[in-house]
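To keep things clear, I will list the structure first and then write my remarks on it.
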Amino acid sequence: MDKFRHIDTWVFDLDNTLYDAETGVFTKIGDRMTIYVADLLQVSQEEAGKLRKEYWKKYGTTLHGLMQEHKIDPDSFLVHAHDIDISDVPQCAVIKEYLTHLPGKKIVFTNSSRDFAARMTRQLGIDHHFEHMFTIEDAGFMPKPFAEPYHAIIEKFAFDPHHAVMFEDMEINLKTAAELGMTTVWLHGKDRDEAAAALPHVHYKAEKLADWLQHTIKKR
Ligand SMILES: [Mg+2]
């Protein structure tokens with residue numbers, strides 16, 4: 003904890019960070035996006051899946067790719083993508099408890115929609131911890147890992163990146179955070195990519211957020 007004594011701002015990714023990858027929720031959202039792309043462009047789901055990968059590489063997200071190349075309405079896409087049942091997503095007792103022991107501001111920073119972030123944090127029983135959320139709408143639909151939303155979130159919530167830590171399951175999303183002076187924690191899940199783990203912008207790592215919190219944060 004000593005290394006985190008100077009931290010007064012805690013920035014959390016949502017998907018596969020605040021809720022577990024094993025819930026399958028993020029995969030379901032991905033499947034909804036694939037259906038959307040297939041319907042929109044009148045291609046097979048397989049072809050849509052390939053296009054999504056290309057968009058992801060070139061534009062950061064499927065949504066950003068569709069906006070750039072097909073001028074779609076982002077709101078209708080987001081509603082469609084997140085139209086899934088999350089009522090069976092379990093709450094994590096460790097995360098619920100340890101969030102109360104983090105001193106300072108807690109912010110959700112997600113490429114997902116505002117409605118989904120609100121629904122999911124409520125389902126997880128942790129919505130009251132987050133007075134602030136920075137969702138894809140706030141970013142003008144420019145996703146992580148582009149630099150713009152990082153500058154925007156710092157400005158919007160007026161925090162010093164040198165006093166902030168960011169938690170993410172995707173290491174690429176930690177690069178700009180580290181460049182701006184933030185401390186980073188990579189949540190690598192079950193199969194850790196050792197090359198990624200050695201990257202200089204990955205400061206700390208754990209399999210899951212709950213593990214990191216339990217091993218690092220002292221209860222007050
Ligand atoms: Mg994530």
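In this text, residue positions in the sequence shown follow our numbering: the first is 3, and each later residue adds one.
All C-beta atoms in this analysis are idealised placements derived from N, C-alpha and C, irrespective of residue type, glycine included.
What you are looking at is a predicted structure, and each value in this text was computed from that prediction instead of being measured.
Under the three-state reduction of DSSP output, ILE109 falls in the strand class.
Annotated as distal: ASN113 and ILE97, with beta-carbon spacing of 8 angstroms or more.
DSSP assignment within the segment 82–156 yields the following whole alpha helix (DSSP H) runs of 4 residues or more, N-terminal first: 95–101, 116–125. In this chain, LYS5 is not harboured by any alpha helix (DSSP H), its DSSP state being neither H nor E. TYR206 sits in a strand when the DSSP states are folded into three classes. In the displayed model, VAL45 falls within coil according to three-state DSSP, outside both helix and strand.
Secondary structure of ALA198 (DSSP, three-state): helix. Of TYR206, ASP75, MET35, HIS203, the smallest CA-CA separation from TYR57 is found for MET35. Boundaries of the alpha helix (DSSP H) around LEU68: 64–72. Two segments are said to touch when three or more pairs of C-beta atoms, one from each, lie closer than 8 angstroms; by this definition the segment 63–70 touches the segment 142–158.
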